[in-house]
Amino acid sequence: MFDVSQKAANKWLEGISLPDTMRIAVIAERLKVNVEWLTYGSGPINVEALPGSENSRWKRVPLITWEQAGDYINFDPKTAEKWAWTDVEAGPRTYALEVKDDSMMPRYEPGATIIVDPDHKPKHRNVVVFRWKKTSDVSCAQLLIDGPNKYLKPHNPDYDTLLLNEKTPQVKICGTARQIFMNY
32 MFDVSQKAAN KWLEGISLPD TMRIAVIAER LKVNVEWLTY GSGPINVEAL PGSENSRWKR
92 VPLITWEQAG DYINFDPKTA EKWAWTDVEA GPRTYALEVK DDSMMPRYEP GATIIVDPDH
152 KPKHRNVVVF RWKKTSDVSC AQLLIDGPNK YLKPHNPDYD TLLLNEKTPQ VKICGTARQI
212 FMNY
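Numbering-wise, the sequence shown is residues 32 to 215 according to the numbering used here.
Right, dumping it as structure tokens:
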């Protein structure tokens, strides 16, 4: 029912391990129980509407590749093969990305899911997804604004901070992170 081995399901039932955040939402939907109750064992079993239903605060967003995020204007969400769930307020073009490398370490490890709203105007200290104009590579960093200067500060200290040049932009901001889920 949940596309996991019997061994993994037994570990969940015995409290040895827990499913990742995205899978919890799917399990709650299929079992028709409240996500909070399933995750923490507290509160009524089914108070809130199920994810994806009309009255739910949870919504499904496409889980896309970093390359697709760099060219999101041409992405059709109807073609998405994978999906993620979010309960954050975000626009209709919101999408999810999975961290694949060490660029966001040590704060966010590979496997973390980033919920990104391409229509949310980034502010000081927001995490943003951006595309390098020269190479079309897509990455993520924290936007820092200091007076007239804007910087992209990587989470990983092994990477250099970039001073953004407004006259000849080196990067294009593709969206603002609205929520980040970690898998443990």
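Quick reminder that beta carbons are idealized off the backbone N, C-alpha and C, glycines included.
For the alpha helix (DSSP H) that residue i lies in, which residues bound it at each end?
{"i": "L49", "result": "No alpha helix (DSSP H) holds L49; DSSP gives it neither H nor E."}
{"i": "L94", "result": "First-last for L94: undefined, no H or E at that position."}
{"i": "E67", "result": "66-71"}
Once DSSP output is grouped into helix, strand and coil, what is the label at residue i?
{"i": "D35", "result": "One detail in the question is off: residue 35 reads as Val in this sequence, not Asp. Looking at V35 - three-state DSSP - the assignment turns out to be coil, as it is neither helix nor strand."}
{"i": "R138", "result": "coil"}
{"i": "V160", "result": "strand"}
{"i": "E120", "result": "coil"}
{"i": "R209", "result": "strand"}
{"i": "K42", "result": "helix"}
{"i": "E129", "result": "strand"}
{"i": "L195", "result": "coil"}
Give me the Cβ distance between residue i and residue j, rounded to the nearest whole Å; I'm assuming they're in contact under 8 Å.
{"i": "I146", "j": "V119", "result": "6 Å"}
How would you label residue i, buried or exposed, when you count the other beta carbons within 10 angstroms and need 16 or more for buried?
{"i": "H155", "result": "exposed"}
{"i": "V209", "result": "According to the sequence displayed, residue 209 carries Arg and not Val. So R209 ends up on the buried side."}
Within 8 Å of any Cβ in chain B, is that where the Cβ of residue i sits?
{"i": "W68", "result": "Annotation note: the requested chain B is absent from the structure, which comprises a single protein chain."}
Counting along the chain, where does the beta strand (DSSP E) carrying residue i start and finish?
{"i": "I76", "result": "Run containing I76: none; DSSP gives neither H nor E here."}
{"i": "Q173", "result": "169-177"}
{"i": "N180", "result": "180-184"}
{"i": "V147", "result": "144-148"}
{"i": "E112", "result": "Where E112 is concerned, there is no enclosing beta strand (DSSP E), given that its DSSP letter is neither H nor E."}
Please say whether residue j and residue i have beta carbons closer to each other than 8 Å?
{"i": "F212", "j": "T96", "result": "no"}
{"i": "A115", "j": "V92", "result": "yes"}
{"i": "V159", "j": "G206", "result": "yes"}
{"i": "K203", "j": "R162", "result": "yes"}
{"i": "T22", "j": "A127", "result": "For residue 22 there is no data in the structure shown, the boundaries of the chain being 32 and 215."}
{"i": "Q201", "j": "K152", "result": "no"}
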